[in-house]
Amino acid sequence: MRLEAHHLTKSYRRGQTHFNAVANASFSLDDGAFVSLIGRSGSGKTTLLNMAIGLLSPDSGEILVDGNNLFSLEERQRSDFRNEKIGYIPQGRSLLGNLTALNNTRLPFHLKRRSGDSLQKARELFSQLGISHLENSYPMELSGGELRRVALARALINSPELILADEPTSDLDIDTAREIWELFSRLNAQGVAFLVATHDVELSHRGNAIWKMHSGRLIQEAG
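In the working numbering, the protein residues as written are 3 to 225.
#1: Would you mind sorting G56 into buried or exposed? The rule is 16 or more other CB atoms within 10 Å of its CB.
#2: What is the DSSP secondary structure of S74, counted as helix, strand or coil?
#3: For K214, which three-state DSSP category applies?
#4: Could you tell me the distance, in whole angstroms, from the CA atom of I165 to the CA atom of Q130?
#5: Relative to the alpha-carbon of R248, which residue among I221, G94 and K12 has its alpha-carbon at the smallest distance?
#6: Per DSSP, K12 forms a beta bridge with which residues?
#7: Does S38 come within less than 8 Å of chain D when only Cβ atoms are used?
#8: Can you name the residues that DSSP bridges to R167?
#9: Quick check: the Cα distance between E76 and G41, rounded to an integer number of angstroms?
#10: Starting from the Cα of S117, find the closest Cα among M142, I159 and D202 and give me that residue.
#11: In its own chain, which residues sit with a C-beta less than 6 Å from the C-beta of H8, not counting the 5 before and 5 after it?
#12: Using a Cβ-Cβ cutoff of less than 6 Å, which residues in the same chain neighbour E163 once the five nearest sequence positions on both sides are dropped?
#13: Could you say which of K123, A54 and S206 lies nearest to L5 if we only look at CA atoms?
#14: Cα separation between G147 and R115?
#15: Assign Y90 to one of two classes, buried (16 or more other C-beta atoms within 10 Å of its C-beta) or exposed (fewer than that).
#16: For F186, count neighbouring C-beta atoms within 10 Å of its own C-beta (all shown protein chains included) and say buried if the count is 16 or more, exposed if not.
#17: Name the residue from D32, L144, S206 and T200 whose alpha carbon lies nearest to the alpha carbon of S43.
#18: DSSP beta-bridge partners for V37?
#19: If G209 sits next to V198, beta carbons under 8 Å apart, how far is it from one beta carbon to the other, in whole angstroms?
#20: According to the neighbour-count rule (16 or more other Cβ atoms, all chains shown, within 10 Å of its Cβ), is G69 buried or exposed?
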């Protein structure tokens with residue numbers, strides 16, 4: 003899957019002033035890429051990620067998926083596309099508090115009719131991520147690192163071609179953060195593409211390319 007963005011712009015009003023959260027951003031992301039997106043808080047990283055997967059409409063510009071304009075699709079079609087092709091790990095705590103870790107993971111599988119056994123697949127993912135002992139735990143009972151692993155399992159349940167992660171190691175100790183990035187690296191070696199927004203400059207160099215956001219503008223650098 004090839005994901006392209008052309009001249010994306012998104013602006014907001016703050017008091018009497020308009021400002022660009024993202025300004026004229028263009029990029030391409032190919033199969034198997036691992037891109038780290040760095041920048042300060044408020045630089046536009048989250049806004050860019052949300053437009054890239056069709057959660058947020060740009061004021062101008064377009065997103066192309068294998069040459070097809072994502073925003074020419076109806077909302078339900080965009081939702082189906084995300085469910086089938088993309089795993090998304092949003093910033094902060096995103097698990098549903100009334101579901102166990104295992105059922106949080108299984109949920110995306112059942113948002114669309116598909117064949118297979120979600121229970122078996124979720125348990126296989128938990129085993130791979132070293133969290134089998136947590137399957138009946140609720141989010142409030144989990145540590146930050148455990149929550150991130152469950153969120154990763156949920157992002158992987160539908161075998162996505164691309165994972166977008168927004169600050170997946172924020173508020174984690176350095177050892178746990180490194181473990182999360184090592185998991186990402188192993189999945190990338192298996193062919194899953196990654197676009198990871200992060201403040202962690204040290205860990206960002208584990209990708210094969212680094213992009214910077216500064217005041218809404220995207221700057222691409224060679225990895």
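Just so it is clear, CB atoms sit at the ideal spot from N, CA and C, and this is done for glycine as well.
Quantities reported herein were computed from a predicted structural model and do not represent experimental measurements.
So, from the data block:
#1: buried
#2: helix
#3: strand
#4: 17 Å
#5: Since the first residue of the chain shown is 3 and the last is 225, residue 248 is not available in this structure.
#6: V24
#7: Of the protein chains in the structure, only one exists, and it is not chain D.
#8: Checking the sequence, you will find Ala at residue 167 rather than Arg. For A167, which the question treats as bridged, DSSP gives the partners I91 and V198.
#9: 32 Å
#10: I159
#11: S28, G63 and E64
#12: M3 and K87
#13: A54
#14: 31 Å
#15: buried
#16: buried
#17: T200
#18: L197 and A211
#19: 7 Å
#20: exposed
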